[in-house]
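Throughout the sequence shown, residue numbering follows this note's numbering, covering 7 to 129 in sequence.
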Amino acid sequence: MQQIVDFTIRFRNLRGSRLKVRNTKWSRGILGVLESSKYLSYTLVSRDLKYIEIEIISSSIRNLKLISKGSRVVYLGYKELLRESRLKKTSGFFILTTSEWGIITSIEALRLGVGGKVLLKVE
């Protein structure tokens, strides 16, 4: 969970177009989800055992909000995700983690008919 907090803080405090985050499966998964959902376009500058440095080409992310924290973990089932998507017609989505599918967006979770642990909200 600490890796997700670190990723969120580094992304929010981004100055310029280079982002250096820890090289963890969480960071790589979140970057992959953001890139596949077309919210973030980047090129890899360097990668070693501790850090990944990327050059951001374009980003349509206005806000990245941490939902689950160490002491408060939020789970949403399929029905709650469906209700959230119908009630709040925003352009944002959740990033979830599931035991079967790994790190996915709430849009993919609705398509697959699953729920999971909510990590972040992307707006």
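The C-beta atom is built at its ideal place from N, Cα and C for all residues, glycine as well. None of these values were measured; they are calculated from a predicted model.
Give every residue of the same chain whose Cβ lies closer than 8 Å to the Cβ of residue i, excluding the five residues on either side of it in the sequence, and list them in chain order.
| i | result |
| --- | --- |
| residue 114 | 107 |
| residue 29 | 53, 54, 55, 56, 57, 58 |
| residue 75 | 7, 11 |
Going by other Cβ atoms of all chains shown within 10 Å of its Cβ, with 16 needed for buried, is residue i buried or exposed?
| i | result |
| --- | --- |
| residue 55 | exposed |
| residue 51 | exposed |
| residue 38 | exposed |
| residue 22 | exposed |
Could you please give the first and the last residue of the uninterrupted alpha helix (DSSP H) stretch that includes residue i?
| i | result |
| --- | --- |
| residue 42 | 31-42 |
| residue 11 | 8-18 |
| residue 113 | 112-118 |
Considering just the uninterrupted stretch of the beta strand (DSSP E) at residue i, what are its terminal residues?
| i | result |
| --- | --- |
| residue 53 | 46-53 |
| residue 28 | 24-28 |
| residue 62 | 57-65 |
| residue 101 | 99-104 |
| residue 83 | Premise fails: residue 83 is in no beta strand (DSSP E) and is neither H nor E. |
Tell me, to the nearest whole angstrom, how far the beta carbon of residue i is from that of residue j; I am working on the premise that it is less than 8 Å.
| i | j | result |
| --- | --- | --- |
| residue 124 | residue 82 | 5 Å |
| residue 67 | residue 45 | 5 Å |
Look at residue i and residue j and say whether their C-beta atoms are less than 7 Å apart.
| i | j | result |
| --- | --- | --- |
| residue 116 | residue 110 | no |
| residue 122 | residue 84 | no |
| residue 73 | residue 127 | yes |
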